[in-house]
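Just so you know, the sequences run in chain order G and W. Count along the first sequence from 1, add 5, and you get the number used in the numbering used here. So in the numbering used here, spot 296 of the second sequence is number 279, and the numbers just go up one at a time. By construction, the Cβ of each residue, glycine as well, lies at the ideal position given by its N, Cα and C atoms. To start, the structure itself, in structure tokens.
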Amino acid sequence: MITRRLIVASAPLVVLAPSLALAAPAPAFTARDIDGKTRSLSEFKGKTVVLEWVNEGCPYVKKHYSGNMQGLQQAATADGVVWLSVASSAPGKQGYFADGAQARTWMSAKGAKPTTLLLDPEGVVATAYKAKTTPHMYVIDPAGQLVYQGAIDDKPSNKVEDIATAKNYVAAALSDLKAGRKVAVPASQPYGCAVKYKDA
Amino acid sequence: MLLRRLFAAVLAPLALLAAAASPARAEVVKTGHIEVELVSQEAAAVPGSTVFVALRQKIQTHWHTYWRNPGDAGDATKIVWTLPAGWTAGDIVWPTPERVRVGPLQDYAYSGEVLLPVPITVPASAKPGQTVTLKAAAAFLVCEEICVPEDAVVTLSLPVVAGPAKPDPKWGETVGKVLAAAPKPAGLKATWKKDGETLKLSVTGAALKGADFADAYFFPYSGKAIDHAAPQAIERGPEGLTLSLTAGFDFGPEATEVPTELSGVLALKGGSYEITATAGETPAGSVGLGSLPAAGAGSTGGSQGASGNGQTGSASIVGGLPVALLFAFLGGLILNLMPCVFPVLSLKAASLAAHAHDAGKTRVQGLAFLAGVVATFLALAGLLIAVRAGGEAVGWGFQLQSPAVVAVLSLLMLLVALNLSGVFEVGAAVQGAAGGVSAGSGLAGAFLTGALAVIVAAPCTAPFMAGALGFALTQPPAFALLVFLALALGFAAPFVILAFAPGLLKKLPRPGAWMDVLKHALAFPMYGAAAWLVWVFSQQAGGVALALLLAAAVLVAFAAWAYGLGETRRFAGKTPLVAFGFALAGLAGGVLLTVGALKAPVPATGPQVAEAGPGLVAEPWSPERVAALQAEGKVVMVDFTADWCVTCKVNEKTALAGPRLVDAFKAQNAVLLKADWTKRDATIAAALAEHGRAGVPLYLVYPKGAGAPVILPQLLTEGLVIEAVEKAAKG
């Protein structure tokens, strides 16, 4: 009865291999951030890095930007974690940011608090990480090893009320890292909208 | 909302009056892209029994809802029940889903109409005469190119009766069919075995004996078990099959704790089975009878809910092996006349004419040629079968899908052409000029001619061959090899018959100076072949690589000339060393440049927007595009082609480009799609296999709306295409 016209998915023509091997070095990348600065993974060596695939129009992203995602970002960055949101929507597709200013406008409207947001309209970073959905989350330890990839939590839904009862995998992975433990859940099936890769 | 309630209030008493005719009553809710309602298998509920109530989704064309494991993206339909006290709802009985491809992502979904039955337990305390209301809050994600989450609260009024309940008059039969078709355990034994990235899933059991394994596919319940998008290679055995899956995270090399069980649905053409595999060795009964092409990634595979789709009619050879052998032989004969074989025919003619005066020598030559043809065909077939057994979706002509092979072949053709032009002679032949060709070198020459002929001819699947090869590749290896043998015999037959028929040979003119002229003339088809291969290479490897290959060609030509010079000097009793040195240097340079060409950066690999004749622009093909265009009411013609397939190119120029055809396409609202197989593509290979083919060309014309395509012959004429399109437009 309620019709929420929210837009998602698209059709890229890139061949994807199986998901990345875990506890393997995280793929290197270089991308422009909202300030026009070139950022690469190597500059964060020695720090824990979270990658968060984002598409502002996706209902699943909206669900978590009801406060959950911002809270995670704030807590993580306060702990010295580098949080990089990545927008890989191709030009003309939902979730595409034409420039840093446009991304910043959305971020301040939402009160998003990542370290920065990377603009990846060509899908280069997304392809390197084989990102499938928004959100799709990755946690990289200070040694540059990929220690978590998958969903943000264990309740695949687009309903805000499910957040309260869900187990947050990213928060769990970060606290495992902080305590020097092995990450208990190193992977899960990501859920959400398909990453809007550019058409080949 | 208000209006609907008002209607409900007005209609409710009326419905009570009509209760005798239609006891179970529900209301259809439209959520935007879906019409949802609850339907019951039985017209009433009996205390102490179970009644199946299904959530029926009528999904807008091109949109999907998702299976319990949605695949790479998407979300399964969820139902939350509100039931009278004591009544309980079980889990959804999920019908086998379809495989839906979204770019690099693979989803498991439903389209059209789908029923999701749920067992509802009726308590023994339920009172006959009472009418209960079952309420379901359904939440589902529905996607086309974009996704929309939709919700619906649907209800069903169900009377409670004491006696046995009758089927619901409207939905009883449909729900029954969905339940009957739903995956079930059938006492099948399943094991999984890790082999690096590959996860071998073997299933055996009585239900699988003699089953049709074409398009077999495993849908895992867990989203982390396998790589959903990877093709699943099929190997058959006497008691079942083995699927080569690509491990997902849970079974991957980095997984810390590998699950003990792998469960899901094995979908076959004849039915679907629930299986739970445990770790173990691959049972002998699940392998050994050869492989099948992996199920098409984008095809709509599963029988879905009530609306089973029998849309994919796969062509097969009626009559089995003998017919396939006959067609293969005929195909081999006809292959002699195909455009891509012509340059090699010229070689054969030249070599045969050279020995027309000596019956004994021509016979030996004929046999050597035959041996060359047979050996090469069987070697290629063996390689193809081996590669396919390894799970690669390759087909006939695959040898020209590798830029390296194309580059080497183009240089080889250039050398043959230069040789025919008289730029150089091979050592033995120089001596032969003085004292007649020795038996030994003639044998080797004829054998190599046969081999060369096959290598160049292979991609040109002649009309009779396509069916036979498609059949052959789905058969056990021994059968496949027999078919290829028949093909080789047919291919070699004209030459061998000529070599063994003195009457025919006598009609050939005696050797003389004219032979040099003929030889020089026949060099040009070979230059043509080299030029064509270079063009194919440029399509595969791009501009930089092309420049390097052309430079390599110049160096190789220089080497050939220097070698010829050296041979002449040697023949004249002078030292050939300097010339040979130059030849060697030239050749080495050529090899280095060729390697460089193969390492040159390849331009973007996405399918290029294909161009056809003036006014008729072919769009890139995908199974989804075909379905979408059909649904838009368009007639769709698909051209399965490759740059290395001359038959395809000839058809495109002669039958798919003329103004008459363009007008006909416009008039009939038809669209041309092009599936380019120049480079390997698993989706295209699967589509070819689906129509019983192992190679290109293949032409399909789909009627508008829906329905199976008509397969056109492999040699097209404009009139034939127009006729097929007009027929399809009429429906």
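| Close-in-space but distant-in-sequence residues of the same chain around Ser269 (chain W) (CB under 7 Å, 5 per side omitted) | Ser185, Val186, Thr187, Gly220, Glu222, Gly223, Leu224 and Thr225
| request: Measure the beta-carbon distance from Ser212 (chain W) to Asp233 (chain W) and round it to whole angstroms, keeping in mind my assumption that it falls under 8 Å. | output: In the sequence on display, residue 212 (chain W) carries Ala and not Ser. Rounded, the Cβ-Cβ distance is 16 Å, inconsistent with contact.
| Under the three-state reduction of DSSP, which class applies to Trp46 (chain W): helix, strand or coil? | coil
| Around the Cβ of His503 (chain W), are there at least 16 other Cβ atoms within 10 angstroms (buried) or fewer (exposed)? | exposed
| query | Do the CB positions of Ala122 (chain W) and Ser255 (chain W) come within less than 9 Å of each other? | reply | No.
| query | When you check each C-beta in the region 67 to 85 of chain G against every C-beta of chain W, which residues fall closer than 7 Å? | reply | Going along the region 67 to 85 of chain G in chain order, one finds no residue with a Cβ nearer than 7 Å to chain W.
| When Cβ atoms are compared, which residues of the region 158 to 179 of chain G fall closer than 9 Å to chain W? | Against chain W - using a Cβ distance shorter than 9 Å - the residues of the region 158 to 179 of chain G are Pro161, Ser162, Asn163 and Lys164.
| field | Distance CB(Leu249 (chain W))-CB(Tyr200 (chain W)) smaller than 9 Å | value | yes
| task | If I'm right that Ala194 (chain W) touches Leu251 (chain W) with Cβ under 8 Å, what's the distance once you round it to whole angstroms? | result | 6 Å
| task | Only counting runs of 3 or more residues, tell me where the beta strand (DSSP E) segments fall wholly within the region 665 to 689 of chain W, in order along the chain. | result | Note on the region 665 to 689 of chain W: whole beta strand (DSSP E) runs with a minimum of 3 residues are 681 to 685, in chain order.
| query | Are the beta-carbon atoms of Val733 (chain W) and Ala119 (chain W) separated by less than 9 Å? | reply | Residue 733 (chain W) lies beyond the range of chain W shown here (-16 to 714); nothing can be said about it.
| task | Between the Cα of Pro119 (chain G) and those of G:Val87, G:Pro96 and G:Thr132, spot the shortest distance and give me the residue it belongs to. | result | G:Val87
| Does any CB atom of chain W fall closer than 9 Å to the CB of Thr110 (chain G)? | no
| Residue-level contact to chain W via CB, Pro23 (chain G), 9 Å cutoff | Here the model assigns Pro23 (chain G) a pLDDT of 37, short of 50, so the residue's position is not dependable and the matter cannot be decided.
| In its own chain, which residues sit with a C-beta less than 6 Å from the C-beta of Ala528 (chain W), not counting the 5 before and 5 after it? | Ala580 and Ala583
| task | Would you check if there are 3 or more beta carbon pairs closer than 8 Å linking the region 659 to 667 of chain W to the region 617 to 624 of chain W? | result | These segments touch.
| From Lys135 (chain G) to Tyr196 (chain G), what does the alpha carbon distance come to, in whole angstroms? | Straight-line Cα distance between these residues: approximately 14 Å.
| message | With a threshold of 9 Å between beta carbons, is Gly105 (chain G) in contact with chain W? | response | no
| For Leu38 (chain W), the three-state DSSP class (helix, strand or coil) | strand
| message | Going by C-alpha to C-alpha distance, which of G:Glu61, G:His69, G:Lys115 and G:Leu77 sits closest to Ala92 (chain G)? | response | G:Glu61
| task | Check Lys252 (chain W) in the structure and name its three-state DSSP category. | result | In the three-state reduction of the DSSP assignment, Lys252 (chain W) falls in the coil class.
| Going by DSSP, what residues sit across from Glu18 (chain W) in a beta bridge? | Beta bridge pairing from DSSP links Glu18 (chain W) with W:Lys13 and W:Lys41.
| request: Note down, in chain order, every chain W residue with its Cβ under 9 Å from the Cβ of Ser193 (chain G). | output: Gly206, Lys207 and Phe232
| query | Going by other Cβ atoms of all chains shown within 10 Å of its Cβ, with 16 needed for buried, is Val500 (chain W) buried or exposed? | reply | So Val500 (chain W) ends up on the exposed side.
| request: Using a cut-off of 9 Å between C-beta atoms, extract the partners of Tyr196 (chain G) located in chain W. | output: Pro53, Ala56, Gly57, Asp58 and Gly206
| request: Kindly indicate which three-state DSSP category Phe483 (chain W) falls into: helix, strand or coil? | output: helix
| query | I think Arg608 (chain W) touches Glu602 (chain W), with their Cβ atoms under 8 Å apart; what is that distance to the nearest whole Å? | reply | 7 Å
| request: With DSSP as the reference, label Ser90 (chain G) as helix, strand or coil. | output: Of the three classes helix, strand and coil, the one that applies to Ser90 (chain G) here is strand, per DSSP.
| Is any beta-carbon of chain W found at less than 9 Å from that of Gly155 (chain G)? | yes
| Which residue spans inside the region 188 to 220 of chain W form an unbroken beta strand (DSSP E) run of at least 3? | 200 to 203 and 216 to 219
| Does Pro126 (chain G) get closer than 9 Å to chain W when you measure Cβ to Cβ? | no
| task | With DSSP as the reference, label Trp265 (chain W) as helix, strand or coil. | result | One detail in the question is off: residue 265 (chain W) reads as Thr in this sequence, not Trp. If DSSP states are grouped into helix, strand and coil, Thr265 (chain W) belongs with coil.
| task | Give me the Cβ distance between Ala354 (chain W) and Phe430 (chain W), rounded to the nearest whole Å; I'm assuming they're in contact under 8 Å. | result | 6 Å
| said: 9 Å is my cut-off, CB to CB: does Ser50 (chain G) come that close to chain W? | reply: For the record, residue 50 (chain G) in the displayed sequence is Lys; it is not Ser. Chain W, which has no Cβ nearer than 9 Å to the Cβ of Lys50 (chain G), makes this no.
| said: Suppose the cutoff is 7 Å on Cβ atoms and the five residues either side in sequence are ignored; what does the same chain contact list for Pro140 (chain G) look like? | reply: If we look at Pro140 (chain G) and ignore the five residues flanking it on each side, its Cβ neighbours are Glu57, Trp58, Val59, Tyr65, Val66, His69, Ile157 and Gly197.
| request: Identify whether Glu244 (chain W) lies in helix, strand or coil by the three-state DSSP scheme. | output: Glu244 (chain W): strand per DSSP, three-state reduction.
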